[in-house]
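Numbering (the UniProt record's numbering), first residue to last: 1 to 404.
Ideal Cβ placement from N, Cα and C applies to all residues, glycine included.
In what follows, a single structure is set out as structure tokens and then discussed.
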């Protein structure tokens, strides 16, 4: 039973009792009856005044409760001039001010964090309570793939791991958690390390190659000079002549090998100019077709990019050459284009998922030097291209995404 109902019942019962008693003395003492009626009327007036003073604050509190329940923190009450009522109104108004200020602070903080997440160069994936992806910022959106989710599922909370995606790009994954309404939620930060690792790697193998070239050249020069002097001085027995000739040729091959590596280190910055990539693709296909037929599936019209013609042609030659060698004379090699992408496909032996592609000195070929894909990587990175090399369902695709 509500307080208002209890108060009304009390007043009704009290005044009904007084009314009955006054009627009982009406005939014997009319004066007392008249006085009792006057008292009864005054009591009713006082009761009504008390009712208004007691119930009005309760009604105002109920209105305030409804406003708070609806998350409306703009409703405030004005003082009434009554001390007790004004004290209650003052407490309520101060509480509303604090709630409104707190909500404003939370909204501003939420907006700031949301903007920070959206503009962060670090990829951020926020999961819900069930571990499903709820929010992804723009830096992480292009990375979403089954390969990434497989790494994330195996990554424990609080752990970190360096992984390679698409066989080319290197990322550091960190999984952490935060509390949301008393329950833990996970989020993942994805930091790209490709540029830093490539720079460190290039600096390292550059020093090795320069040192190796210096030592080899210092050795090969005098040896070749001695061989030529001995061979030109007087006739030599056939076995010795053949041995010296083989040694001279081997030194020449070694010198060529070292020179190739030195050229990789000294790759100049690209001289960018507008070029039609379709013309380069046609030229490379015609050049490599002497070894194996290369088909073209190019989109209509031109494919204009800003590139160094010689470097881009060299990169495409290396890619197609690897594709031809992968099919071992039986298969298909195709160059296709779509949008801003150029794709070289082959149905050869494929590439192992754990192969350290684009790593200097690494090659799957018996007589490979391990500089072909490294040179391709350097050229494409300097041109600002995104690229990947993957084998799926028996087809290997080298995809190059050119910037707009």
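In three-state terms, what does DSSP make of residue 22? helix
Decide if residue 372 is buried, meaning its Cβ has at least 16 other Cβ atoms within 10 Å, or exposed. buried
Own chain residues within Cβ distance below 7 angstroms of residue 92, not counting five before or after: 64, 77
Expressed to the nearest angstrom, what Euclidean distance is found between the alpha-carbon atoms of residue 347 and residue 404? 30 angstroms
CA nearest to the CA of residue 309, picked from 9, 281, 394, 293: 281
Distance between beta carbons of residue 274 and residue 465, contact taken as under 8 angstroms: With the chain covering 1 to 404 only, the question about residue 465 has no answer from this structure.
Could you tell me the boundaries of the alpha helix (DSSP H) in which residue 342 lies? That residue, residue 342, is in no alpha helix (DSSP H); its beta strand (DSSP E) goes 341 to 346.
Contacts around residue 296, its chain only, beta-carbon distance under 6 angstroms, and the 5 residues preceding and following it disregarded: 285, 335
Give the secondary structure of residue 118 by DSSP, where H, G and I count as helix, E and B as strand, and everything else as coil. helix
For residue 15, which of 44, 115, 135, 82 has the nearest alpha-carbon? 44
How many angstroms separate the CA atom of residue 17 from the CA atom of residue 39? 13 angstroms
Which residues in the same chain have their Cβ closer than 8 angstroms to the Cβ of residue 394, if we skip the five residues on either side of it in sequence? 347, 350
Could you please give me the residues that DSSP links to residue 171 through a beta bridge? 163, 192
From the DSSP output, which residues share a beta bridge with residue 336? 297, 343
Run of the beta strand (DSSP E) containing residue 153, from where it starts to where it stops: Counting along the chain, residue 153 falls outside any beta strand (DSSP E), though it belongs to the alpha helix (DSSP H) covering 146 to 154.
Checking 9 angstroms against the spacing of the C-beta atoms, do residue 382 and residue 340 come in under that value? no
My guess is that residue 173 and residue 161 are in contact by the Cβ rule of under 8 angstroms, so how many angstroms apart are they, rounded? 5 angstroms
Cβ neighbours of residue 67 in the same chain (closer than 7 angstroms, five flanking residues each side left out): 75
Nearest to residue 141 by CA position, among 159, 118, 24, 299, is which residue? 118
With distances taken Cα to Cα, identify the nearest neighbour of residue 97 among 60, 110, 176, 72. 72
Neighbour-count burial assignment, residue 278, 16 or more Cβ in a 10 Å radius: buried
Residue 184 bridges to which residues according to DSSP? 179
Proximity below 9 angstroms, CB of residue 343 to CB of residue 320: no
Determine the contact status of residue 379 and residue 291, defining contact as a CB-CB distance below 9 angstroms. no
Excluding the five sequence neighbours on either side, which residues of its own chain have a C-beta within less than 8 angstroms of the C-beta of residue 385, listed in chain order? 400, 401, 402, 403
Excluding the five sequence neighbours on either side, which residues of its own chain have a C-beta within less than 6 angstroms of the C-beta of residue 126, listed in chain order? 134, 135, 187
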